[in-house]
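Here is the structure we will look at.
Protein chains: 2
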Amino acid sequence: MSISPKHALLEEYALVARALSAPARLMLLEQLAQRERGVEALADKTGLTIANCSQHLQQLRRAALVTSRRDGKSVIYRLTDAKTLELMDLLRIVAERNLAQVERILQGLSDGEDAPEAVSRSDLAARLAEGSVTVLDVRPADEFAAGHIPGAINLTLTEIEGIVPTLDSSTEIVAYCRGPYCVYAHQAVAALRKLGLNARRLEGGLPEWREDGRPVLS
Amino acid sequence: MSISPKHALLEEYALVARALSAPARLMLLEQLAQRERGVEALADKTGLTIANCSQHLQQLRRAALVTSRRDGKSVIYRLTDAKTLELMDLLRIVAERNLAQVERILQGLSDGEDAPEAVSRSDLAARLAEGSVTVLDVRPADEFAAGHIPGAINLTLTEIEGIVPTLDSSTEIVAYCRGPYCVYAHQAVAALRKLGLNARRLEGGLPEWREDGRPVLS
DNA sequence: ACATCATTCAAGCGATAACTTGAATTATAG
DNA sequence: CTATAATTCAAGTTATCGCTTGAATGATGT
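In order, the protein sequences belong to chains C and H.
Under this note's numbering, the residues of the first sequence are numbered 5 to 222, in order.
Under this note's numbering, the residues of the second sequence are numbered 5 to 222, in order.
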């Protein structure tokens, strides 16, 4: 028996929490929730230097939140399993349930106007089946190409204004992005509503949609 | 709109994770999962100095994992809601699913022998109803007095050997303690099995039992 | 076997966190 | 209103974390 088993156990639990306690690592996990990637691609996407990115990834691996394998010259990282995603989600839920600060930040995105309720994934699936909705994918083109909700239109935030006149203003728009950590969809909905369109946000993002076992086109 | 809403949001999520990233604060949360308490009682139970304890509690409050109220001269802290408990549980599940380290620590407790599966709460409830089980509460007497599973016997680890001869060796023993962070039940089961008794551990602890809406006697 | 290139290691710096000690608050109780 | 007692704040020390820079590793593929 070790000197203090109780303390050693707590230390292990704390290690997992500490791995989630840096914004840079949450960004990396958000990227990895989209799809597995190599170190350089992750560094690119997050704006971290390669060495720094590698160190963060090793901390995530030490906490067993991600795993790695070699593919040719690159080391590919990915989330260990769905539990990692669950943990990220619960972290977000607790933060949003509890912190007035978070609400103020999200409020700021929509310029003080209250954001409407998010659309649930089952609702969106039903309305997709009857064709009564336009789906907007507000992610970079490469992530869209790697997989998206069938029928979705891929637009960056800056392209939105240009496309608005071509949209049927009576059909509701549902926007989604990378997931709950991502603010693109929030911003898109705010922009569309300011232009007088009926827009709402999908609950979660593509990783959650995929995790539900719903169809993904690539 | 703030300078970088995305980064600000991630910072908030990271704050919650950081609050869970120190063993001392996990100890405090484990105590608070038992029942609400004042600063001095918590400092006593965890072995922290009062000032240090107060500072940790304020970090937990900043992350909105706990709330406080004044009662007479004392400030009483308690978990904000069940989500806090859920988050602690998921943290533990991920750590135990993933970290070989954790298994080795728990293995060490039972001196290399594989620990048997934990008993689920619904199983224990059913077997309590038919009286085919002895329930052991391995927590300090004051926590036992504040609430326990009906019919449970309260014993400290050191008292276990003395009581063994009085037990019916054909009836299975189920031991529980504060919860998944707590190793008392693990140690009790290991000790009992070494003495040749048929003992297993309850899944989770009293907080989880109570959260299930099952009867608690005090 | 060797050259290549992505990744990882190592050292250094500035910033932040944990813990201790001692003083300042703050709400109650007399 | 003042005294009291619990809690919180503040300052100082040590340790750890995040990031940068530059060198080392190690598997691949020629």
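Where is the CB? At the ideal position from N, CA and C, for every residue including glycine.
Note that the structure is a prediction, hence the values are computed from the model and not measured.
Exercise for the section: For residue 25 of chain C, count neighbouring C-beta atoms within 10 Å of its own C-beta (all shown protein chains included) and say buried if the count is 16 or more, exposed if not. Expected result: Locating residue 25 of chain C in the first sequence gives position 21, counting from the first residue. Per the 10 Å Cβ criterion, buried.
Practice task
Count the other CB atoms, across all protein chains shown, that sit within 10 Å of the CB of residue 133 of chain H; report buried if there are 16 or more and exposed otherwise.
Solution key: By 1-based counting over the second sequence, the position of residue 133 of chain H is 129. Burial call: exposed.
Exercise for the section: For residue 193 of chain C, decide whether its Cβ has a neighbour in chain H, counting only Cβ atoms nearer than 8 Å. Expected result: Looking up residue 193 of chain C in the first sequence gives position 189. Cβ-Cβ to chain H under 8 Å: no for residue 193 of chain C.
Problem - For residue 121 of chain C, the first and last residue of its enclosing alpha helix (DSSP H) - result: To locate residue 121 of chain C, count along the first sequence from 1; it is residue 117. First-last for residue 121 of chain C: undefined, no H or E at that position.
Problem - residue 206 of chain H vs residue 171 of chain H beta-carbon contact at 8 Å - result: For this step, residue 206 of chain H is matched to residue 202 along the second sequence. For this step, residue 171 of chain H is matched to residue 167 along the second sequence. Not a contact, by the Cβ cut-off of 8 Å.
Practice task
Rounded to whole angstroms, what's the CA-CA distance from residue 69 of chain C to residue 43 of chain C? Just pull it up for me.
Solution key: Residue mapping note: residue 69 of chain C aligns to position 65 of the first sequence, counting from 1. Residue mapping note: residue 43 of chain C aligns to position 39 of the first sequence, counting from 1. Residue 69 of chain C and residue 43 of chain C: Cα-Cα distance of roughly 16 Å.
Handout entry: Coil, strand or helix - residue 202 of chain H by DSSP
Key = Residue mapping note: residue 202 of chain H aligns to position 198 of the second sequence, counting from 1. Residue 202 of chain H falls in the coil class under three-state DSSP.
Handout entry: Rounded separation between residue 98 of chain H and residue 53 of chain H - CA only
Key = Start at 1 with the first residue of the second sequence, and residue 98 of chain H comes out as number 94. Start at 1 with the first residue of the second sequence, and residue 53 of chain H comes out as number 49. Near 31 Å, if we compare the C-alpha coordinates of residue 53 of chain H and residue 98 of chain H.
Practice task
Quick one: residues in its chain with C-beta nearer than 8 Å to the C-beta of residue 214 of chain C, no 5 flanking neighbours on either side, listed in chain order?
Solution key: As a first step, residue 214 of chain C is located in the first sequence; it is residue number 210 there, counting from the start. Excluding positions up to five away in sequence, the list reads 151 and 220.
Practice task
Please confirm whether residue 15 of chain H and residue 80 of chain H have their CB atoms less than 8 Å apart.
Solution key: Here residue 15 of chain H corresponds to residue number 11 of the second sequence, with the count starting at 1. Here residue 80 of chain H corresponds to residue number 76 of the second sequence, with the count starting at 1. No; because the gap between Cβ atoms is not below 8 Å, this pair is not in contact.
Handout entry: Cβ of residue 122 of chain C within 8 Å of any chain H Cβ
Key = Reading the first sequence from its first residue, position 118 is the one you call residue 122 of chain C. So no, residue 122 of chain C is outside the interface.
Exercise for the section: Closer than 7 Å by C-beta to residue 18 of chain C: which residues in its own chain qualify, once you throw out the five before and the five after it? Chain order, please. Expected result: Stepping through the first sequence from its first residue, residue 18 of chain C is reached at position 14. There are no such residues.
Practice task
Measure from the C-beta of residue 37 of chain H to each C-beta in chain C and report whether the shortest distance is under 8 Å.
Solution key: Taking the second sequence and counting its residues from 1, one reaches residue 37 of chain H at position 33. Closer than 8 Å: no.
Problem - Residues, ordered as in the chain, of the segment 82-101 of chain C that lie near chain H by beta-carbon distance below 9 Å - result: 84, 85, 87, 88, 90, 91, 92, 94, 95, 96, 97, 98, 99, 100 and 101
Exercise for the section: For residue 42 of chain H, write down the residues that DSSP places opposite it in a beta bridge. Expected result: To locate residue 42 of chain H, count along the second sequence from 1; it is residue 38. According to DSSP, which records beta bridges pairwise, residue 42 of chain H is partnered with H:80.
Handout entry: Helix, strand or coil at residue 207 of chain H according to DSSP, with G and I counted as helix
Key = Numbered from 1 along the second sequence, position 203 holds the residue referred to as residue 207 of chain H. Correct three-state label for residue 207 of chain H: coil.
Handout entry: Uninterrupted alpha helix (DSSP H) stretches inside the segment 120-163 of chain H (no shorter than 4 residues)
Key = 125-133 and 145-149
Exercise for the section: Identify, in the order they occur along the chain, each residue of the same chain with its Cβ nearer than 6 Å to the Cβ of residue 193 of chain H, setting aside the five sequence neighbours on each side. Expected result: Residue 193 of chain H sits at position 189 when you count from the first residue of the second sequence. Result list for residue 193 of chain H: 179, 203 and 205, in chain order.
Handout entry: Same chain only: Cβ atoms within 8 Å of residue 195 of chain H, ignoring 5 sequence neighbours per side
Key = For the purposes of this step, residue 195 of chain H is identified with residue 191 of the second sequence, where counting begins at 1. Once the five neighbours on either side are set aside, the close Cβ partners of residue 195 of chain H are 161, 164 and 165.
Problem - CB contact below 8 Å: residue 72 of chain C versus chain H - result: On the first sequence, residue 72 of chain C is found 68 positions in, with the first residue counted as 1. Chain H, which has no Cβ nearer than 8 Å to the Cβ of residue 72 of chain C, makes this no.
Exercise for the section: Would you give the residue range spanned by the beta strand (DSSP E) that residue 73 of chain C belongs to? Expected result: As a first step, residue 73 of chain C must be located in the first sequence, where it is residue number 69. Segment 70-75, the beta strand (DSSP E) holding residue 73 of chain C.
Problem - Residue environment, residue 46 of chain H, which counts as buried when at least 16 other CB atoms sit within 10 Å - result: Taking the first residue of the second sequence as position 1, residue 46 of chain H is located at position 42. Residue 46 of chain H comes out buried.
Practice task
Please report the Cβ distance between residue 208 of chain C and residue 169 of chain C, rounded to the nearest whole angstrom; I am assuming they are in contact, meaning their Cβ atoms lie under 8 Å.
Solution key: Taking the first sequence and counting its residues from 1, one reaches residue 208 of chain C at position 204. Taking the first sequence and counting its residues from 1, one reaches residue 169 of chain C at position 165. Wrong, their Cβ atoms sit about 30 Å apart, outside the cutoff.
Problem - Residue range of the unbroken beta strand (DSSP E) whose run includes residue 179 of chain H - result: Looking up residue 179 of chain H in the second sequence gives position 175. Taken as a continuous stretch (DSSP letters only), the beta strand (DSSP E) holding residue 179 of chain H covers 176-180.
Practice task
Give the single residue among H:96, H:65 and H:93 whose Cα lies nearest to the Cα of residue 83 of chain H.
Solution key: Position 79 of the second sequence, counted from the first residue, corresponds to residue 83 of chain H. Here the closest residue by C-alpha is H:65.
Exercise for the section: Say whether chain C places a C-beta atom closer than 8 Å to the C-beta of residue 144 of chain H. Expected result: Translated into positions along the second sequence, residue 144 of chain H becomes position 140. No, no contact with chain C.
Handout entry: Environment of residue 67 of chain H [buried if 16+ CB atoms lie within 10 Å]
Key = Along the second sequence, read from residue 1 onward, the residue named residue 67 of chain H stands at position 63. By the 10 Å Cβ count, residue 67 of chain H comes out buried.
Handout entry: Presumed contact (8 Å Cβ cut-off) between residue 37 of chain H and residue 144 of chain H, rounded CB distance
Key = Taking the second sequence and counting its residues from 1, one reaches residue 37 of chain H at position 33. Taking the second sequence and counting its residues from 1, one reaches residue 144 of chain H at position 140. At roughly 14 Å, the Cβ-Cβ gap does not stay under 8 Å, so residue 37 of chain H and residue 144 of chain H are not in contact.
Exercise for the section: If I'm right that residue 101 of chain H touches residue 87 of chain C with Cβ under 8 Å, what's the distance once you round it to whole angstroms? Expected result: Locating residue 101 of chain H in the second sequence gives position 97, where the first residue counts as 1. Locating residue 87 of chain C in the first sequence gives position 83, where the first residue counts as 1. Indeed they touch by this definition, with Cβ atoms about 6 Å apart.
Problem - Distance, residue 32 of chain H Cα to residue 55 of chain H Cα - result: Within the second sequence, numbered from 1, the residue matching residue 55 of chain H stands at position 51. Within the second sequence, numbered from 1, the residue matching residue 32 of chain H stands at position 28. Looking at the two C-alpha atoms, the distance is approximately 14 Å.
Exercise for the section: Using a threshold of 8 Å, state whether the C-beta atoms of residue 23 of chain H and residue 63 of chain H are closer than that. Expected result: Working through the second sequence from its first residue, we reach residue 23 of chain H at position 19. Working through the second sequence from its first residue, we reach residue 63 of chain H at position 59. Yes, these two residues count as a Cβ contact at 8 Å.
Handout entry: Proximal residues to residue 197 of chain C (C-beta, below 6 Å), its chain only, five neighbours per side dropped
Key = Sequence index remark: in the first sequence, residue 197 of chain C carries index 193 (1-based). Excluding sequence neighbours, residue 197 of chain C sits near 203.
Handout entry: Within chain H, the residues that residue 44 of chain C reaches when beta carbons sit closer than 7 Å
Key = For this step, residue 44 of chain C is matched to residue 40 along the first sequence. In chain order: nothing, as chain H lies at least about 22 Å away.
Problem - Proximity of residue 141 of chain C and residue 167 of chain C at Cβ, strictly below 8 Å - result: Residue 141 of chain C sits at position 137 when you count from the first residue of the first sequence. Residue 167 of chain C sits at position 163 when you count from the first residue of the first sequence. No; because the gap between Cβ atoms is not below 8 Å, this pair is not in contact.
Practice task
Using a threshold of 8 Å, state whether the C-beta atoms of residue 90 of chain H and residue 186 of chain H are closer than that.
Solution key: Taking the first residue of the second sequence as position 1, residue 90 of chain H is located at position 86. Taking the first residue of the second sequence as position 1, residue 186 of chain H is located at position 182. No, these two residues do not count as a Cβ contact at 8 Å.
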